[in-house]
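Numbering-wise, my numbering comes out as the position in the sequence shown, counting from 1, plus 424. Just so you know, even glycine gets a beta-carbon here, dropped at the ideal spot from N, CA and C. Being a predicted model, the structure only gives us computed values, none of them experimental.
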Amino acid sequence: MEWQSFIYIIPMLIAGTIPVILTLYTAKNWNSPLIKTFIFIMAALSIWSFGYALELWSTSLSTSLLLVKIEYIGIVMLPVVWLAFALQYTGKEKWITPHKILLLLIIPIFALITCWTNYNHLFYKSVKLATGPVAPVDPSYGPAFWILVIYSHILTLIGVLLFLRKAIDLGRLYLKQGVMLAIGVIAPLIGNAVYVTGLSPFPAGYDLTPLLFDVTGIVLVCLIFRFRFLDIIPIARNIIFENVSDAIFVLDNQNRIIDFNEAGKKFAENVSHLSSEIVGEHAEKIFHPDILKRCREGDKAKTNIEMEIKGNYYDIRISPIYDKRMQSLGHVIILRDISERKKAEEALKESEEKYRSLFEFHKGILKHSPAGILKLDENLRIIYENPEMKKMMGVPAGEESKAMGMDIRELPSIKEAGMVEMINDLLQGKELHGEIPFTSLYGKEIYLSFVVSPILEKGKFAGAVLMVIDITERKKNEEKIKQLNEALRLINKIMRHDILNDLQVVNSSLDLYRESKDEKLLDKAVERINQGVKLIHRMRELESLISSGKELKEYDIREVVEDIINDYSVDFNVKGNGIVLADEFIHSVIDNIVGNAVLHGKTDKIDIIIENKDDVCEIRIVDYGIGIPDKIKDKIFDERFSYGETRGSGLGLYIVKKAIERYGGSIHVEDNKPNGAVFVIKLKLKEDKMEDKNRK
């Protein structure tokens, strides 16, 4: 084959390659029915173009005829898939059904069969190879061929007309695309007409149709890559107009209705019981006079109003229509039903008023509530304290609380009470309640009853409200009642057992004395009477201690000690001093311990050491007697516990412990090695002494 042949073959190869490239580019959207149809078109073009290029290359008639048969697979398929593509693109998919596609394929399939078999010479009357630079098949065509040509041209032109009509409906931008596509399709159609009529200036048998597919390819490349032909599929104006949910009416300059959409039809039926008959009717039959007045007044600009019509609310937009010379043609009225929005706005307004009133009410409650109230943010930081809470915590008037901004879990009293984990439960939306002894950041000690309620927003923790009541007095009264009950129980027990027993012994001793006149019996009776007197004295002390109810006051502990040691004949060594909070029973406390050391401990020397440690005054009473066995150290403060040869009533140290506990202190016993015992008393220091200590 001579090199001149390539001049004819290369355009065919280009015409076949462009569809392959476009197929690869668009195949990423294979799921789209439109893209699938487009790829079938590209396949038909490639089969025809590549087949014809090989036909031009061939020099054998048998080979060329085989290639022609392959080409006709693409040739007969092309007009049908092109029409299907045009129907899809222009929104007429309802025409594309399997039944209709089969009907469209009847003639192409018949032509393909006759091409492959040439039955009764229906497709070819005769076949030969052309002579010249290339040697394509140069047949004399039969009736089946001409039927196929006419049918294919008709389908192709129908597709072109569909695209052009669509482009005209959509405006100038799409019209440009429609014209370009029409050129790309009609060019090979004209080439085919020139070829089959024998008017081609090219060598005999040379088909211009695949050659002009190059024009089609260039047009498609431009449409796809520049205008995004397959990415943005236009929607017809009438589809938008009919399917938009807003009611649309078009009026002329006499305010007569000349067009409306489906939503407009429903609106007209609702307000006037008119439907299709409203075309040509005056708009006053449907619209409120104020709307038509706006039409007359709003000739130069768009107008927006809201209006209630037949129980529904509408947002109404009125826009003037002009021609190219800016002459008024009429108006477009668009009505959007905003009834639901209005209801929501009214509900929101009512809700706002309700919650504003509720907020003001709550604000008053917070300010004047007899309960202390704290508000916590989502991180459990304190962001609000009401006046009563500040008062409870001892916040000086006019000052902001030290606790503001603190994480409530960081408050010392919360940590000491082991409530950190419990408060963390708030983050899970749990409500908390309970009672807790609490020391504020200002040193005020109170007992609180609390309730903490979480604030949830969309199911998530957004903060909490803490309400507390000062139950200090209630707790004191409860403790006092508890102690009184305990005292009554103990007094009743002593009266029924010890004193009754002593009286029985006295009575028996006196009866025996009358008979025997034995003085020892009188001594025994006197001893039991004295023992009973001591018990009664102890009971009076206990009852006085518990029922006293007196406020604690300041006592100079060194003065108390020095008053007591004058009654004893042992050596005393007193060191230090402290001002403590107690009552007059503090004398009995010290006296009882000192007396026990002398009487029961057999000591001849006592050291009393007074030291101030932090907020506590520690009093150590050290004796050098026989000491206290380890096994009874934990029992000596129990009621009625006594030991040793000189055992007493068992009430002394019990009453001492109760008194010290009332003062908010503690007592315990230690060993004084090598001999003796140490009673350690811890009492609260006077507050100003604590403040002096802190300042130092």
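Of the choices the options, whose alpha-carbon is the least far from that of residue i?
i	options	result
SER456	TYR513, GLU774, LYS882	TYR513
GLY829	LEU798, MET843, ILE465	LEU798
ASN1001	LEU605, LYS1037, PRO794	LYS1037
PHE885	SER837, TYR808, LEU851	LEU851
LEU485	PRO435, THR555, LEU529, GLY818	THR555
ALA628	GLU897, TYR432, LEU976	TYR432
ILE682	GLU845, PHE626, GLY754, VAL618	GLY754
GLY887	LYS552, LYS518, GLU802, THR621	GLU802
ASN1096	ASP1031, ALA768, GLY853	ASP1031
ASP676	PHE653, GLU708, ARG650	GLU708
GLU855	VAL985, ASP631, SER877, GLY842	SER877
SER564	ASP831, CYS539, LEU586, ASP942	CYS539
Tell me whether residue i sits in a helix, a strand or coil according to DSSP, three-state version.
i	result
GLY641	helix
ASP1054	helix
ALA692	helix
SER993	coil
THR487	helix
ALA554	coil
GLU855	coil
LEU654	coil
LEU1005	strand
LEU1109	strand
ASP1028	coil
ILE434	helix
TYR630	coil
THR441	helix
PHE1103	strand
TYR548	strand
ALA795	coil
HIS921	Confidence at HIS921 is low in this model, with a pLDDT of 49, below 50, so its placement is unreliable and the value that follows should be read with caution. Helix, per DSSP.
PRO560	coil
PRO625	coil
PRO457	helix
ILE847	helix
MET830	coil
LEU675	strand
SER429	helix
ASN901	helix
ILE607	helix
Anyone know if the C-beta pair for residue i and residue j falls short of 7 Å?
i	j	result
TYR737	ILE762	yes
ALA439	ASP562	no
VAL573	ALA606	no
PRO557	GLU479	no
ALA1101	ILE1060	no
ILE1017	ILE981	no
ALA510	ALA535	no
ILE463	GLY475	no
LEU581	ALA591	no
ASP995	LYS948	no
LYS502	ALA468	The sequence shown places Leu at residue 502, not Lys. Yes. Within cutoff.
So the beta strand (DSSP E) residue i belongs to, where does it begin and stop?
i	result
ARG1086	Unbroken run through ARG1086 is the alpha helix (DSSP H), 1076-1086; no beta strand (DSSP E).
ALA888	884-894
PRO977	With the sequence shown as reference, residue 977 is identified as Lys, and Pro is not the correct amino acid for it. It spans 977-980 - the beta strand (DSSP E) in which LYS977 sits, taken as one unbroken run.
HIS712	No beta strand (DSSP E) holds HIS712; DSSP gives it neither H nor E.
SER743	736-746
To the nearest whole angstrom, what separates the beta carbons of residue i and residue j, a pair I think is in contact under 8 Å?
i	j	result
ALA1006	TYR979	5 Å
LEU636	MET604	The Cβ separation is near 15 Å, so there is no contact.
ALA740	MET731	It should be noted that the sequence gives Ile, not Ala, for residue 740. Right, the Cβ-Cβ distance comes to about 6 Å (below 8 Å), so this counts as a contact.
VAL1080	VAL1013	5 Å
LEU800	LEU890	7 Å
GLY608	LEU644	6 Å
TRP519	LEU579	Contact doesn't hold; Cβ gap of about 13 Å is too wide.
VAL1093	LYS1057	5 Å
GLY566	LEU546	5 Å
ILE715	ILE757	7 Å
Hey, quick one: how far does the alpha helix (DSSP H) through residue i stretch, first residue to last?
i	result
GLU1042	First-last for GLU1042: 1040-1047, but that is the beta strand (DSSP E), not the alpha helix (DSSP H).
LYS814	811-817
ASP761	Per DSSP, ASP761 belongs to no alpha helix (DSSP H); it is in the beta strand (DSSP E), 752-761.
ILE525	522-541
TYR866	Note, TYR866: premise wrong, no alpha helix (DSSP H); not H, not E.
ASP1015	1010-1023
SER837	836-840
Less than 6 Å between the CB of residue i and some heavy atom of the ligand SAH, yes or no?
i	result
GLU824	This structure does not include the ligand SAH; it has no bound ligands of any sort.
Using a Cβ cut-off of 7 Å (strictly closer), state whether residue i contacts chain C.
i	result
ALA1083	Of the protein chains in the structure, only one exists, and it is not chain C.
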